[in-house]
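J.: Numbering (the UniProt record's numbering), first residue to last: 1 to 993.
Note that the Cβ used here is the ideal one computed from N, Cα and C, for glycine as well.
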Amino acid sequence: MKILKNFSWNSCSFKRFIRSYSASYSQYRHLYKITGTRNQLSRNSLYINLTKWSNTSNSWLKDESQNISRNFHLGGNQNVFVTSRLSSSSIENEDDPFPSAELDDAPFDQAVKPETDDELAHLRIKLYSPKEDKDGRLEKIYEAASIQQVFDVMEESEEVNPKVAVQALVTIWDLQKLLFEISENFEIERDHFDKPSFIDKVSKHPVFLEKIVKPVVENCESLEDEPLLASLLCLQRMNNNIREPECAKFVDECLRRKETLSLPSLSRLCVCMRAESLYGNCIVAQFHPTLWKYVVSMSTDLEVRLVSISLRNSLRIVSGAMINEFRNRIFELRDELKNFETVTLCKVFLVLIACRNVGTESKEVFELVGDALIPKIPNMQLMDLLSLQKFLELGYIDPYGLVEALVQKMKSIIQQGVSLSNPRLDLLASIAPFIRSVDQRKQIAGLLKDYLYNHNFEVASGILFTLLRWIRTNDVSLADTFWKNAADVLETRNQETVLYRKVLKFGRDYINYCYGLAFAYRNRNFEFIMKRYLYGMLENYSKQIPPSFLHPADFGKAFSFLIGVATFSDALFHDVEIIRKIDDFAPQLRPPDLLSIAKAVDSVILNLFHSKTPAMKYYDRILEICSILEEQCSRILVANESNHTFEDLSCIYKVSLITRKVKGESPIVNRTIDLMLEHKLSDSRSAKDLLQNLLSGLNNFPEASENVAEFIWNSRSKTLAPEVFERFIQYGFSVGWEPTSMMHQDVLQLCSDRLLKCWDQLSFIGLLQSSLGLCFYRQLPKELIQHIFSVEFLDQMDSELKTSFSSNQYPLKLRQSMMELNRAVCIDMPDVNLPWFHGKFCEELLAITNTQDTYLHKEVQHALVKIVGDESAVQPNMCSPYYYKLDFLVEFDEKNRPVKKIRGQPRGFFQKFKGNSLEIKKKVAVLILTQNAFTKNVRDLRGQFKIRRRHLEILGYDVIEIDPRHWNSMFMSENSVRHNFLESKLYANSASG
1 MKILKNFSWN SCSFKRFIRS YSASYSQYRH LYKITGTRNQ LSRNSLYINL TKWSNTSNSW
61 LKDESQNISR NFHLGGNQNV FVTSRLSSSS IENEDDPFPS AELDDAPFDQ AVKPETDDEL
121 AHLRIKLYSP KEDKDGRLEK IYEAASIQQV FDVMEESEEV NPKVAVQALV TIWDLQKLLF
181 EISENFEIER DHFDKPSFID KVSKHPVFLE KIVKPVVENC ESLEDEPLLA SLLCLQRMNN
241 NIREPECAKF VDECLRRKET LSLPSLSRLC VCMRAESLYG NCIVAQFHPT LWKYVVSMST
301 DLEVRLVSIS LRNSLRIVSG AMINEFRNRI FELRDELKNF ETVTLCKVFL VLIACRNVGT
361 ESKEVFELVG DALIPKIPNM QLMDLLSLQK FLELGYIDPY GLVEALVQKM KSIIQQGVSL
421 SNPRLDLLAS IAPFIRSVDQ RKQIAGLLKD YLYNHNFEVA SGILFTLLRW IRTNDVSLAD
481 TFWKNAADVL ETRNQETVLY RKVLKFGRDY INYCYGLAFA YRNRNFEFIM KRYLYGMLEN
541 YSKQIPPSFL HPADFGKAFS FLIGVATFSD ALFHDVEIIR KIDDFAPQLR PPDLLSIAKA
601 VDSVILNLFH SKTPAMKYYD RILEICSILE EQCSRILVAN ESNHTFEDLS CIYKVSLITR
661 KVKGESPIVN RTIDLMLEHK LSDSRSAKDL LQNLLSGLNN FPEASENVAE FIWNSRSKTL
721 APEVFERFIQ YGFSVGWEPT SMMHQDVLQL CSDRLLKCWD QLSFIGLLQS SLGLCFYRQL
781 PKELIQHIFS VEFLDQMDSE LKTSFSSNQY PLKLRQSMME LNRAVCIDMP DVNLPWFHGK
841 FCEELLAITN TQDTYLHKEV QHALVKIVGD ESAVQPNMCS PYYYKLDFLV EFDEKNRPVK
901 KIRGQPRGFF QKFKGNSLEI KKKVAVLILT QNAFTKNVRD LRGQFKIRRR HLEILGYDVI
961 EIDPRHWNSM FMSENSVRHN FLESKLYANS ASG
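(1) From Ile435 to Ala847, what does the alpha carbon distance come to, in whole angstroms?
(2) Going along the chain, which unbroken runs of the beta strand (DSSP E) with 3 or more residues stay wholly within the segment 634 to 665?
(3) Is the number of C-beta pairs between the segment 726 to 742 and the segment 692 to 712 that are closer than 8 Å three or more?
(4) Decide if the segment 317 to 328 is in contact with the segment 280 to 291; the criterion is three or more beta carbon pairs, one per stretch, under 8 Å apart.
(5) If I follow the unbroken alpha helix (DSSP H) through Met530, where does it start and stop?
(6) Looking at the strands, I want to know which residues DSSP matches up with Pro898.
(7) Note the first and the last residue of the continuous alpha helix (DSSP H) segment covering Asn707.
(8) Cutting at 7 Å between CB atoms, please list the residues of its own chain near Gln749, excluding the five before and the five after it.
(9) On the criterion of 16 or more Cβ atoms from any shown chain inside 10 Å, does Ile954 qualify as buried, or is it exposed?
(10) Within the continuous alpha helix (DSSP H) that includes Leu428, where are the two ends?
(11) Grab the span of the beta strand (DSSP E) containing Tyr957 for me, first residue to last.
(12) For residue 995, is the classification buried or exposed, using 16 other Cβ atoms within 10 angstroms of its Cβ as the cut-off for buried?
(13) Quick check on Leu179 - is its C-beta less than 8 Å from some C-beta in chain D?
(14) Would you identify the three-state DSSP class for Leu762, choosing helix, strand or coil?
(15) Tell me, which residues are paired with Phe934 by DSSP?
(16) Label His644 either buried or exposed according to how many other C-beta atoms from any shown protein chain fall within 10 Å of its C-beta, with 16 as the threshold for buried.
(17) Taking DSSP as the reference, what is the three-state secondary structure of Asp398?
(18) Please list the terminal residues of the continuous beta strand (DSSP E) segment that includes Met878.
(19) Would you decide whether Ser183 is buried or exposed? Buried here means 16 or more other CB atoms lie within 10 Å of its CB.
(20) Please determine if the segment 521 to 534 and the segment 579 to 592 are in contact, where contact requires at least 3 C-beta pairs separated by less than 8 Å.
(21) May I ask which residues mark the beginning and end of the beta strand (DSSP E) holding Val747?
(22) Taking DSSP's pairing of strands, which residues face Lys923 in a bridge?
(23) Pairs of beta-carbons, one from the segment 195 to 214 and one from the segment 239 to 257, closer than 8 Å: are there three or more?
(24) Suppose only complete runs of 4+ residues qualify. What are the alpha helix (DSSP H) ranges in the segment 547 to 604, listed by chain order?
(25) Taking just the CA atoms, how far does Thr613 sit from Glu891?
(26) Considering Leu467, what are the terminal residues of the alpha helix (DSSP H) in which it resides?
(27) Can you list the alpha helix (DSSP H) stretches of 4 or more residues lying completely in the segment 763 to 814, in chain order?
(28) From Ser548 to Pro289, what does the alpha carbon distance come to, in whole angstroms?
(29) Measuring only from the beta carbon, is Asp602 closer than 7 Å to any heavy atom that is part of the ligand GDP?
(30) Measure the beta-carbon distance from Ile668 to Ser634 and round it to whole angstroms, keeping in mind my assumption that it falls under 8 Å.
(31) Taking 8 Å as the threshold (C-beta atoms), are Pro215 and Val150 in contact?
(32) The alpha helix (DSSP H) that contains Thr613, what's its start and end?
(33) Measure the C-alpha to C-alpha separation of His455 and Glu800 and round it to an integer number of angstroms.
(34) State whether the segment 444 to 460 contacts the segment 475 to 485, with contact taken as three or more CB pairs (one from each stretch) at a distance under 8 Å.
(35) State the Cα-Cα distance for the pair Ile91 and Thr473, rounded to the nearest angstrom.
(36) In chain order, what residues of the same chain lie with their CB nearer than 6 Å to the CB of Tyr987, ignoring the 5 residues before and after it?
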């Protein structure tokens, strides 16, 4: 076949003119052409009329088809077709793993635009040229505006040409796709119920079976590559089992052509085999040399797109070398990327995401493709936008310009859906983590509640959970409704003989949801039903009867739930077989599975052991689980130490932080940190995760701060995610890291400038804590202070507090962070004239704060009294201005004599500051440090204690800090030495006249 030469497209936008339709006839009325010619289609011809064979129970089909009918009137030109060598049809691009959409992104570059304007011509697939259409039936099928018209053409002749049958099969599938085209409306129920039912009815039609499928199958050996694979893919999509004899003939024919199969056909084959598990992987593996050949030679937009489709649908069998070659070829084509179509760049980008841990990952290529996508986002079609959801869902933040563009585009599409009262909740779930506004989160909560009460829960449960998790609402009824629906699904699936994996996802999501709220929320009914189901699965596994677990990850999800919501009466604490199963499966668990179980252990510690004193046997059971987790972490580290991904190391580190709460310090922590520090920081995500991991363990590694500072400085010409700057400041302040070079000072200034520009993109707690860190480094800009302490921001924070669970620690932590920032600005930056408005809040905290009365406090107090000679001169449990707590306060007059005081409150309460007396010339604050004042790995004073010392000195205090380790050291063991130490500190810098 030859491609016609007289073709051209007006623009790329014309090729994508119609990508989505509503279910209303009025919205596509303008597509009708009322011309009066013999080719004019009546309105009735637009309907998919299957009443010839449907009974009265199928009347819904006719009514439904009337709502979504389309006009495919062509006009006079007959020159639109697609070649098998240079193009591919839209059906081979149905490779999207997301349930929300079906990718139909056809490369139409080789299609010819007719003389007359048929806006839908670019959506047609024509496998044969007009020269091969001897009796005109191919053209009639191609022009068919309904499936019934295709059936009518096939019924007209007794002898069926295989080419006509193939074209009929492909046309039926194309019509089906257009009927169920996605739109700005969220119609997931239609895709899960109406579409499969529709396909089932069409596939059982006698004309479809006898006049279309039968001749295609009988003549598959004579078909060229493109018709052969187009037929196979259509048959699979029309509910034909690819392992049955009919489809097996196509597979056998493909294997006979494995060395010469064309690239478009190979991409279709990979799409076909993706859902066929081990069988599909074995078939596609036979084409590995052929695929390698196309990877090496790809150069055009279409070839890159088809290779990307092939790779993404055969990830189980592609080698690291092939992925590396793919990355190299993309890098070599970097100058042409800006001219590639949007759909091609999306396909390439998704391959790079899916293969991030295959071969040698290249951040340069990843950012190269991401940057090429950014200018295309504003005009991106919905189908392409849906394909990029994974980029946001996996937490990628580089290139951040792509994140910003995607979020903005998704917001605009969601807003269009809101105007139609049916926004796309899947897109909303993707951008939910980026929404800070409390009012917007309330709107999302309203949409979520409406869906939970009025739509099918099961088909959209994953999307709904993401929304529930990120709206962070204290609406208990909304959470109860969600988990009640999940329990109902579980009850309906309880009698099935096959494990329903969504049930395991419910359990994992529940633990994550409650864990994020510090278990301020619980749904006991869901926990009861879920535990009963999972213990039943474990019993079935022991008896080797269905339904049972089939994969180690299934065990990981089941155990994480059973441990996380356990009570002392559960079998977990009484049946040794449960622990034995965990031990048996531990060697097969991946780091993410181990982390989910470790989080469950952390939860059970919080819920059962934090405020109770159970019998020792319960502690022993948790200790056994922690030992199993720690042992598997050690095996993973030793087995493949040189090839660990940063994500795996991060998971192992978090597991070890949790297990050390039970088992004590472990060498796994330090070894994992060493391995993470050896990873070169090449993107924002690894830098952010490194700092977050070290921050969670309160470990001070100056080299980590220096490495991240160098990464930020070298990336100053790029747009990095604000979370990187936020984490860098938070970590440095938390561990007390101080800059040691001019470059470090420049990086801090860069962080300050960046946070000022994107302050409204940060979470409330993140903004306040990073601002306090900037104040510690004396880099807090006055403009940022004005934003934070504005009426608008304070109102938003009040709304945030009102919508949070009151029993959670988050509201108190948020208010305390605001108080600390208010105090720091008042003391460090008095020229700002910020009022102090947290006095009442601090007094409320003092009223519920217990004073320290340890043996160390008594020793220090006794020594102080002995030095000053009067107990009334040593004032315990005092407060400074701005409510810093002082363990002891000793005041001196102008002659350096201790001033006697009468305590205003009984012992055991803090006494607030009441102003300085005129006779007071020197104030000495004695602060006894706790273990929490120091970092874990090295004994460095943390930032919040350094800034306390600085603030007290600004307020006029001489500060004496007592380190318990130093006080109890061998050197300080004698009372006389302690006495001399305190005396030298008390009378240091005293006025001698």
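T.: So, from the listed chains and residues:
(1) Take the alpha-carbon of Ile435 and the one of Ala847: they are about 36 Å apart.
(2) none
(3) yes
(4) yes
(5) Arg524 to Lys543
(6) According to DSSP, Pro898 bridges with Phe892.
(7) Pro702 to Asn714
(8) Gln779
(9) exposed
(10) Annotation: the continuous alpha helix (DSSP H) that includes Leu428 extends over Leu425 to Ile431.
(11) Tyr957 to Ile962
(12) Shown here, the chain extends from 1 to 993; a query on residue 995 therefore has no answer.
(13) Any reference to chain D falls outside this structure, which holds one protein chain only.
(14) coil
(15) Bridge partners of Phe934: Leu941.
(16) buried
(17) coil
(18) Gln875 to Cys879
(19) buried
(20) no
(21) For Val747, there is no enclosing beta strand (DSSP E); the enclosing alpha helix (DSSP H) covers residues Met742 to Lys757.
(22) In the DSSP secondary-structure assignment, Lys923 is bridged to Glu891 and Tyr957.
(23) yes
(24) 552 to 564, 576 to 585 and 591 to 604
(25) 44 Å
(26) Ser461 to Ile471
(27) List check, alpha helix (DSSP H) in window: 764 to 776, 782 to 788 and 791 to 802.
(28) Answer to the nearest angstrom: the Cα atoms are 38 Å apart.
(29) The ligand GDP is not part of the structure shown, which contains no ligands of any sort.
(30) 6 Å
(31) no
(32) Where Thr613 is concerned, there is no enclosing alpha helix (DSSP H), given that its DSSP letter is neither H nor E.
(33) 29 Å
(34) Remark: three or more beta-carbon pairs, one from each stretch, lie closer than 8 Å, so the segment 444 to 460 and the segment 475 to 485 are flagged as touching.
(35) Since pLDDT at Ile91 reaches only 31, below the 50 mark, its modelled position is unreliable, and the value read off the structure follows with that caveat. Going from the Cα of Ile91 to the Cα of Thr473 covers about 42 Å.
(36) none
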